[in-house]
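Take a look at the structure set out below.
Numbering (the UniProt record's numbering), first residue to last: 1 to 143.
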């Protein structure tokens, strides 16, 4: 019997987010969030790039890109690295949340409509969004 995978691959979302901010979010089908991360990094780079780093010829080559990256101020480079890290963390958290929800849905179906509270471990009724015993929401991430 073949087991069907219902979740997303967290590692792939993280790898894509490391490649460029927003790419991991596209994999997770969060288009608006991906556009926001892409735009934020692009705007940060465009606003912090000195005009002296842009070639007059208008041609783009590896040398001009390397010269432009060397011309970036340290604060701008740090901001871009921080944005890459935050985008990666956001993609990781989204993928984990999606996988937990998919696993909870499968567990609920297997239990015949009953689910276990991630906080207290008691069985709860799936009609409610919260545990009748401890009052915490059934979503493990609290949202």
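Note that the Cβ used here is the ideal one computed from N, Cα and C, for glycine as well.
Values in this document were obtained by computation on a predicted structure and should not be read as measured data.
Residue range 123-125 is occupied by the beta strand (DSSP E) that includes residue 124. Going by beta carbons, residue 88 and residue 43 fall outside the 9 Å limit.
By DSSP's assignment, residue 130 forms a beta bridge with 137. Leaving aside the five residues that flank residue 10 on each side, the residues in its chain whose CB is nearer than 7 Å to its CB run, in chain order, 92, 95, 96, 99. Only residues of its own chain outside the window of five on either side were considered, and among them 27 have a CB closer than 7 Å to the CB of residue 12, listed in chain order. Taking all protein chains shown into account, residue 90 has 16 or more neighbouring C-beta atoms within 10 Å of its C-beta and is therefore buried. The secondary-structure analysis by DSSP pairs residue 116 across a beta bridge with 123.
By the neighbour-count criterion, in which a residue is buried when 16 or more other Cβ atoms sit within 10 angstroms of its Cβ, residue 85 is exposed. Taking C-beta atoms as the reference points, residue 49 and residue 76 count as a pair closer than 9 Å.
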